[in-house]
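For the record, the sequence lines run as chains S and E. The opening residue of the first sequence carries number 1 in this note's numbering; numbering runs sequentially from there. The opening residue of the second sequence carries number 1 in this note's numbering; numbering runs sequentially from there. Glycine included, each C-beta is placed from N, C-alpha and C at the ideal position.
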Amino acid sequence: MGEPGTKELLSLEELEAAGSLHTGRKHILSILVENQAGVLTRVAGLFARRGFNIDTLSVGPTEDHNVSRITLTVDGALHPIDQVTKQLHKLIHVLKIRDLEPEHTVARELALFKISVEGPQRAEVMQICEIFRGKVVDVTRRSVIVEITGTTDKVEGFERMVRPFGLIEMMRTGEIAISRGRGET
Amino acid sequence: MRAVDAIMECLKAEGVEVVFGLPGGANLPTYDAFVDAGIRHVLVRHEAGGGHAAEGYAKATGRVGVAFATSGPGATNIVTPIVDAMMDSVPMVVITGQVRTDLIGTDGFQETDTLGITMPVVKHSYQIRSPLEIPRAIHEAFHVARTGRPGPVVVDIPVDLSRADIAYKPVTDLHLPGYQPTIEGNAKQIRQAAKAMASARRPVIYAGGGVINANASKELFEFATADRFPVTCTLMGLGGFPAPHPQWLGMLGMHGTRSANYAMDEADLICCIGARFDDRITGKLSEFAPHAKFIHIDVDPAEISKTIPAHIPIVGDARSVLTKLNKEYRALDVETSRLDEWWGRIEGWREKHPLRYDDSTDAEIKPQYMMEALYEATGGDAIVTSDVGQHQMWAAQYYHFNKPRRWINSGGLGTMGFGLPAALGAAVGCPDETVVCIAGDGSIQMNIQELATCSEDKIPVKVFIMNNGYLGMVRQWQELFWDKRYSHVDMGSFPDFVKLAEAYGATGMRFTDKATLVQDMRHALATEGPVVVDVRVTREENTYPMIAPGQPARDMVG
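Written out as C-alpha cells, the structure is:
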C-alpha cells in the first residue's frame, strides 16, 4: 500500500472494511453527560428509537457537579456497538463516551438479597455469604437480607447459591465501572 | 426589555428575514412583539404549512428556516415538518409556545409535552425554565440547526416566561462542549480515497443531499471531471451534478435509471458523498453492489458503516473534503483510458435502457409527457417542489435538474402535503425565481389551505396537479404486488380544483390536451399571482423502471 505523499496507487483488493458490526460480547459504556434536565430521557429515548436494549443502567453525580455519569451495559451480540456510540455522540448533552475494555476496568455492582431462612438454614446462608464476602444487614426470625458487592458474575453466582433457600426479593443497581490506572475513565 | 422583544433581537442577529407561523394563546406575547419587530411574518393557515414552508425556504436558500407555533395542537401540528426536516437534514428552528409554568404537568388547556413528543425527531431541543435562558437558547438553536449535519431544533417557551423583563445582550460566546462537528476530513484518508479512485476500473460517484447542504456541487463537478467518473445522485441530491452532462447516469434507486443502478451493481469502487445507503437506494441489502469497495464521505459519523461497512471512511463536510480530494487526485499519475471499458459497458446500458414510456397517440396527456412539457415550458430553470408519490418520481426522472437547490421534495419521510407550503417558502426566499409545485390530486389536499396564504401574501407559486384521480403510487403497488385488488385508492372526482383555486383567490385552469400543453403551461406560468392547474393525465400509468421491494437492483422491472 502506498505511503502518504507517494504517487503509488493502491490495490482495491487490499482494502478492508471496518470489522463486523457486532462484537458478540457485553460492553460497558461510560458516558459523561451535562447535568441537565431531560438528559436521561434523551439517552433512554435514543436506545428505544434505534431498537437497542439497555441491560443495566446506573446514573450518578461525578466529581464535577455540572457533569453526571451514565454507566450502561449493552449486549454487543445483539447490537452494533459502534452505531450505538455514534448515535449517542450526536446527543448534544453527551460529552464523552468510553467503551471500557474489560481487562482494564474495575466494574462493580451492589445487590441486596432478601432470603427466606428457617432454623439451621440461617447458618448455611451465612456461610455462603461469608464465602462471597457479603454482609448480613438485616435479620428476622424467618429472613435475612444480604448485601453483595462485586462483578456481575459474582452477584449472579451468589444468586444461584441462595435461590434454593427461597429468594423473596433481589435488587441490583447495575454496574458502575472505572478504568484502571492513573488516567481518567 | 420583554423576553419576547429579546427573541426578536435574537432573530435579527441571526439574520432571519422571515418567520412562518400561526399565533395562539401560548405565544400571544411573542406575536405582540412582531408588531414592532420589523421581521416579516407569513401567516400560514395550519402549523404543518408553516413548518413545511420553513423547510422550503431553507432548502431553496440554504439559510435556516424559522417557524412559530403555539402550544398543544399548534405544536403537535408542526411535528410532521419537524420529522421531515430531521430525515432530510433541513436547518430549521421551531419556536413553540407553552402554557405558563405553574400549569405545566397539570393537563392545562392546550398543554402538551412538546419537548417529549419531539425528542426522538429533533437534532436538539430546549425547554426554557428561566427567561434569562431565552437568548442563549435561541442563538444555540440556530448554531446547532445550521452546522454539522443540519436539522430541526425546537425551543419551547412557557408563556409567562416570555413576558418577563430581561436584559438582552447578543450572545457571542456559544460554548457547546458536547457538539463539535468534524468539518475537515482526515488528510490521510482523503489521500487513500484519491488513490483508490485512481486504481478503480469501474468507479461510480454516488452523491446525495449532503452535497446540496454543503454547497459542494461545484467541488463535486470538479472532482468528477478530474477523470471521467460516472455520477449518479439520490433523490435528495438531484441538481448536485448537472443532469445534461455526459458523465451523468441519472438518479439511482427504486425508480432510478437502469444505467445508474446497473453501474452500482457492477462497480468495483463506489464513492458515496453525503448519502446514506437508504433502503430505497440499496434494494435487497445483501445483494447490493456485490463487487464494490466503499469510500464513504459524510459529515455525520453515525451514517458511516451504519448499513454498509465502509472501506475508506471520511468524516467531514462534503465541500471541504471534495476540495482536498480533488487536489490529491490531480496530483496522481492517472491512466484515464482504464475507464474505457467501463464507459463502454455504461453506454451499452444507456442505449438499451433509456428512460422511456409509451406516449399517447391522441390528446391524452401521459404523466411523463406532462413533466417533459413542464421542463420545456419553464426552460428547465424553475425551482420545483413536489409532494410524494408517482408525480414526485416522474418529476425526478424527467425534469433534468442542472443546478442545486432547484429540486425541493420530501425524501426521507415522504410527506404528502409537503409541496405547496414548501413552494410558498421557496418563493418567499427566492422572489425572483419561478417556483412550481408538482402535486398529486391526493397529496395537494393535505395542505391546500396554504393557497389562501399565497393569495393574501401575493406569493406567486404555480401549482400543477398531476390529476389521475388515484392515490397513484399506492394503486401501482396494489396493481403490481396485490393482484390489482384496489382498496381505497380511487379519489373520485372531487374537489373541482379550478373552482377551489378561485375560492382561494388564485387563478384556476384545467388542461386536458397534449397538443397545446406546453403553450398552455407557458400561459399559466406567465399568469400573475398564484395559479392552480388541474392537469388531467392517464389514470393508470405506472412509474418505471422499478426495483421491486426487497429485490436487488439488477432485477429492475419495467
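- Task: Using a Cβ cut-off of 9 Å (strictly closer), state whether residue 169 of chain S contacts chain E.
- Result: no
- Task: Give the residues of chain E in contact with residue 92 of chain S, contact being defined as C-beta atoms less than 7 Å apart.
- Result: 124, 144, 176, 178, 179
- Task: Output the boundary residues of the alpha helix (DSSP H) element that contains residue 482 of chain E.
- Result: Element bounds for residue 482 of chain E: n/a, residue is neither H nor E.
- Helix or strand or just coil, what does DSSP make of residue 467 of chain E? strand
- So residue 95 of chain E and residue 51 of chain E are in contact, right, with Cβ under 8 Å, and what is the actual spacing, rounded? That belief does not hold up - the Cβ atoms of residue 95 of chain E and residue 51 of chain E are roughly 12 Å apart, past 8 Å.
- If you compare alpha carbons, which of E:119, E:238, E:37 is closest to residue 76 of chain E? E:119
- If you follow the alpha helix (DSSP H) that residue 392 of chain E is part of, which residue opens it and which one closes it? 390-398
- So what's residue 36 of chain S in DSSP terms, helix, strand or just coil? coil
- residue 231 of chain E: first and last residue of the uninterrupted alpha helix (DSSP H) it sits in: No alpha helix (DSSP H) holds residue 231 of chain E; the beta strand (DSSP E) holding it covers 231-233.
- Compare the C-beta of residue 109 of chain S with all C-beta atoms of chain E and state if any pair is closer than 9 Å. no
- Query: Is the shortest distance between the beta-carbon of residue 79 of chain S and the beta-carbons of chain E less than 9 Å?
  - Reply: no
- Task: Starting from the C-beta of residue 472 of chain E, find all residues in its chain whose C-beta is less than 7 Å away, skip the five residues before and the five after it, and write them out in chain order.
- Result: 389, 390, 440
- Task: Give, in chain order, every unbroken run of the beta strand (DSSP E) that is at least 3 residues long and sits entirely within the stretch 410-477 of chain E.
- Result: 435-440, 462-467
- Task: With 9 Å as the C-beta to C-beta threshold (strictly closer), list the residues of the stretch 96-129 of chain E near chain S in chain order.
- Result: 115, 116, 119, 120, 121, 123, 124, 125, 127, 129
- Item | Where residue 135 of chain S falls: helix, strand or coil (DSSP) | strand
- Item | C-alpha distance - residue 360 of chain E paired with residue 468 of chain E, whole-angstrom precision | 15 Å
- Query: Relative to chain S, which residues along the stretch 256-268 of chain E have a C-beta separation below 9 Å, given in chain order?
  - Reply: 268
- Message: Just to confirm before moving on: does the CB-CB distance between residue 404 of chain E and residue 211 of chain E stay below 9 Å?
- Response: yes
- Query: Helix or strand or just coil, what does DSSP make of residue 127 of chain S?
  - Reply: helix
- Message: With DSSP as the reference, identify every bridge partner of residue 508 of chain E, one or two as the case may be.
- Response: E:532
- Extent of the continuous alpha helix (DSSP H) to which residue 165 of chain S belongs: 152-166
- Message: Cβ closer than 7 Å: which chain S residues qualify as neighbours of residue 311 of chain E?
- Response: 15, 16, 17
- Query: With distances taken from CA atoms, which of E:255, E:259, E:323 is nearest residue 348 of chain E?
  - Reply: E:259
- Hey, does residue 199 of chain E have any beta-carbon neighbour from chain C nearer than 9 Å? Protein chains S and E are contained in the structure displayed, whereas chain C is not.
- Got a sec? Which residues, its chain only, sit under 6 Å from residue 5 of chain E by beta carbon, not counting five neighbours each side? 33
- Task: Tell me residue 299 of chain E's beta-bridge partners as DSSP assigns them.
- Result: Answer is none; residue 299 of chain E lacks a bridge partner.
- Task: Would you tell me roughly how many angstroms separate the C-alpha atoms of residue 461 of chain E and residue 136 of chain E, rounded to the nearest one?
- Result: 36 Å
- Message: Give me the chain E residues within the contact set of residue 38 of chain S, using Cβ-Cβ distance strictly less than 8 Å, ordered along the chain.
- Response: 115, 119, 127
- Say whether chain E places a C-beta atom closer than 9 Å to the C-beta of residue 57 of chain S. no
- Item | Residue closest to residue 99 of chain S, alpha-carbon to alpha-carbon, out of S:160, S:81, S:90, S:164 | S:81
- Kindly confirm or deny that the stretch 176-187 of chain E and the stretch 92-111 of chain S touch, where touching means at least three C-beta pairs closer than 8 Å. yes
- May I ask you to report which of helix, strand or coil DSSP gives residue 165 of chain E? strand
- Identify which residue in E:275, E:101, E:165 has its Cα closest to the Cα of residue 159 of chain E. E:101
- Message: What does DSSP give as the partner residue(s) for residue 380 of chain E in the beta ladder?
- Response: None; residue 380 of chain E has no bridge partner.
- How close, in whole Å, do the beta carbons of residue 110 of chain E and residue 25 of chain E come, if the pair is a contact with beta carbons under 8 Å? 6 Å
- Interface residues of chain S facing residue 333 of chain E [CB-CB closer than 9 Å]: 7, 9
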